[in-house]
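What follows is a set of notes on a single structure, which appears directly below.
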Amino acid sequence: MASPARILVVDDSSTILKVVSSILTRHGYEPTIARDGVIGIDLIKRGDKFDLVLLDFVMPRMNGFQFCRELRSMAEHKSLPVVLMSAKGDKIRGQFVKQTGAVDAITKPFDARTLVAVIQSALSRSAEGPSRTVLEGEAMPDEEVVAPESMVPRSLSGRHQKQRASMELAQHVAAAVAPSILALSPAERGVENSVAAAVVRSITADVVASLAMMLKELEPEERAREVMSGDIGAVALAEILQILQMQRQTGVLRVMNNRTTVAIYIRQGLIDLVQGRGSPEEYRLGRYFIERGLVTRDQVEAVVKSRPPGQLIGEALVAAGLVSLDDLADALTRQSSELTYDVLRWTFGRFSFTREPFSVEAEAAKLGIGISGLVLEGFRRVDEWRMMEGSINFDQVMVVDQAMLEDVGSGKLTRSEQLVLGAVDGARTVAEVVRESAVGSFDALKIIFQFLQSRVLRARAA
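Everything in the sequence shown is counted per the numbering used here, starting at 958 for the first residue and increasing by one.
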């Protein structure tokens, strides 16, 4: 099997680097990032092999024009195909593609489909052989004459970088939704529901992933410093966690896929708290109190509605006298553990470990969860989960065999078993029972599996 094409992405915008890297990874390419032209040239000089360069045209230190001049002066690498990226892509394509020896140009903002199409075309042309004249570095015209647009002011401050990220976000949203809106008839454009439906159709999984990364760039994290990052498909998350534990590291490990971001707050090699954004509802804190029988679903909903703005749900439940501080610590520990078990199952995504101030919730929790035990339990759950998934039909409707339940003894059931059986009504499928039970999906599925084995549960007759 052919190895994935290696693509060097050179851009001074960390947002663009993250978005493009994510798109390339999801489409089977192997991206390497460089934050400016100097770093990109250094990567090539040290011997790293690339099949294509995606190059921003306007950058500090060494811009796109200067990068191409340097590249064309390197005998071994001068034929390396380059695709230019710029907000003025049409102008760049018309004026500078030939002068830099690039094979194409793409206009920012772009969607995943456009980017992949340009890359595939460039790689195909490169594989067909040298059909273009490769410029020598000395043969390129003077930059001051032909490419003043490639220069960036040296005074581009952090605030300006944030403004630039905001503009890129707005442009990305506009590029995603505009085609669907323009495809509407003039009459439909005047109907709010029609426009809303068009916008919804535009927000694909790729667009959501890109927007999530761009929004992260706008978060107030000026004091954050990235220590390492990578692809969890290439480096297992369990290995990253164990390294952080062995080195007694302190920082925030974020793990991201198309839909979810999980932040793991680590202090001296122990986990203080794990928080999820975009995670399934089963990981909401209230569920853990309901599962233990400390509160009802109605009580949780009432507290959520009546709590003061900004008050956390756990704090509100404690203030209402419904749970104790020990109950809260137990729920946070279980929530953090299960979120970690979940990300250990992911087969694709990105991770980054940064040194930055902890969230208020993490500072307050300081759970001190050991990583080794968590990883071992996570591996055990992954094995059990795969075994159960292979033997249970999630679309099958289940019923309780009352005779078998009496033999087992309903009075001997645990709280979780009672919740699962209570969700079985003869009409719900296995997947629906898991969702309705107020029990974590792994534990609920394990209970269903055990009850199927003991014949307390059986499939409803057709």
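Even glycine gets a Cβ: it sits at the ideal position worked out from N, Cα and C.
Only a predicted model underlies this, so the values are computations on that prediction, with no experimental measurement involved.
Checklist line | Length-filtered (4 minimum) alpha helix (DSSP H) runs lying within the segment 1278 to 1324 | finding: Within the segment 1278 to 1324, the runs of alpha helix (DSSP H) at least 4 residues long that lie entirely inside it are, in chain order, 1282 to 1301, 1317 to 1322.
Checklist line | Limits of the unbroken alpha helix (DSSP H) element including methionine 1345 | finding: Its alpha helix (DSSP H) spans residues 1328 to 1346.
Checklist line | the ligand SAH heavy atom lying under 7 angstroms from the CB of glycine 1208 | finding: Within the structure as shown, the ligand SAH is missing, as the structure has no ligands at all.
Notebook entry, point to check: What does DSSP give as the partner residues of glutamate 987 in its beta bridges?
Noted result: According to DSSP, glutamate 987 bridges with Arg963.
Notebook entry, point to check: From valine 1390 to aspartate 1008, what distance separates their C-alpha atoms?
Noted result: Rounded to the nearest angstrom, the two C-alpha atoms are 50 angstroms apart.
Item checked: Spatially closest choice to glutamate 1313 from Ala1154, Gln1407, Val1184, by CA coordinates -> Looking from the CA of glutamate 1313, the closest CA among Ala1154, Gln1407, Val1184 belongs to Val1184.
Item checked: CB of phenylalanine 1406 within 8 angstroms of CB of methionine 1345, strictly -> Between phenylalanine 1406 and methionine 1345, the C-beta spacing is below 8 angstroms.
Check: What three-state label does DSSP hand threonine 1371 in the structure shown?
Finding: The three-state secondary structure of threonine 1371, taken from DSSP, is coil.
Next item on the list: Kindly give me the distance between the Cβ atoms of glutamate 1318 and leucine 1370, rounded to whole angstroms, as I take these residues to be in contact under 8 angstroms.
Entry: 34 angstroms between Cβ atoms; not a contact.
Check: For valine 1015, which option in Ile996, Ile1001, Lys1035, Met1042 has the closest C-alpha, if you only look at C-alpha atoms?
Finding: Selected option, being the one with the closest Cα: Met1042.
Margin query: Starting from tyrosine 1240, trace the beta strand (DSSP E) in both directions and tell me its first and last residue.
Written below: For tyrosine 1240, there is no enclosing beta strand (DSSP E), as DSSP gives it neither H nor E.
Next item on the list: Would you mind reading off the limits of the alpha helix (DSSP H) that contains methionine 1203?
Entry: For methionine 1203, the enclosing alpha helix (DSSP H) starts and ends at 1194 to 1203.
Notebook entry, point to check: Which residues bound the alpha helix (DSSP H) around glutamate 1363?
Noted result: Where glutamate 1363 is concerned, the enclosing alpha helix (DSSP H) stretches over 1359 to 1365.
Next item on the list: Taking only the alpha-carbon atoms, compute the straight-line gap between aspartate 1382 and glutamine 1199 and give it to the nearest angstrom.
Entry: Roughly 44 angstroms separates the two Cα atoms.
Notebook entry, point to check: For aspartate 1283, does the count of other Cβ atoms within 10 angstroms reach 16, so buried, or fall short, so exposed?
Noted result: Aspartate 1283 comes out exposed.
Note to self: Quick check: cysteine 1025 and valine 1040, are their CB atoms within less than 8 angstroms of each other?
What the structure shows: Result no, Cβ atoms of cysteine 1025 and valine 1040 do not sit closer than 8 angstroms.
Item checked: phenylalanine 1305 burial status per 10 Å Cβ neighbour count (16 or more: buried) -> Around the beta carbon of phenylalanine 1305, a 10 Å sphere encloses fewer than 16 other beta carbons of the protein chains shown; the residue is thus reported as exposed.
Check: Considering only the beta carbon of each residue, do valine 976 and glycine 994 sit closer than 8 angstroms?
Finding: Contact: no.
Notebook entry, point to check: Which two residues bound the contiguous beta strand (DSSP E) that contains glutamine 1256?
Noted result: Note, glutamine 1256: premise wrong, no beta strand (DSSP E); alpha helix (DSSP H) at 1254 to 1263.
Next item on the list: Determine contact between the segment 1187 to 1206 and the segment 1258 to 1268, defined as no fewer than three beta-carbon pairs at a distance below 8 angstroms.
Entry: Remark: fewer than three beta-carbon pairs, one from each stretch, lie closer than 8 angstroms, so the segment 1187 to 1206 and the segment 1258 to 1268 are not flagged as touching.
Notebook entry, point to check: Where do the ends of the alpha helix (DSSP H) carrying isoleucine 1160 lie?
Noted result: Neither: isoleucine 1160 is in no alpha helix (DSSP H) and is coded neither H nor E.
Notebook entry, point to check: Per DSSP, methionine 1042 is paired with what?
Noted result: DSSP lists Asp1013, Ile1063 as partners of methionine 1042.
Next item on the list: Please name the residue or residues paired with arginine 1234 in a DSSP beta bridge.
Entry: As a beta-bridge residue in DSSP terms, arginine 1234 pairs with Thr1218.
Item checked: Residue of Ala1401, Asp1352, Met1355, Met1361 minimising C-alpha distance to leucine 1376 -> Per the Cα distances, Ala1401.
Margin query: Suppose the cutoff is 6 angstroms on Cβ atoms and the five residues either side in sequence are ignored; what does the same chain contact list for alanine 1388 look like?
Written below: If we look at alanine 1388 and ignore the five residues flanking it on each side, its Cβ neighbours are Phe1351.
Item checked: Extent of the continuous beta strand (DSSP E) run through alanine 1416 -> For alanine 1416, the enclosing beta strand (DSSP E) covers residues 1414 to 1416.
Item checked: For alanine 1104, three-class secondary structure by DSSP -> In this predicted model, alanine 1104 has a pLDDT of only 45, less than 50, meaning its place in the structure is not dependable enough to derive any value.
Margin query: Quick check: the Cα distance between arginine 1205 and alanine 1195, rounded to an integer number of angstroms?
Written below: Spanning the two alpha carbons is a distance of roughly 15 angstroms.
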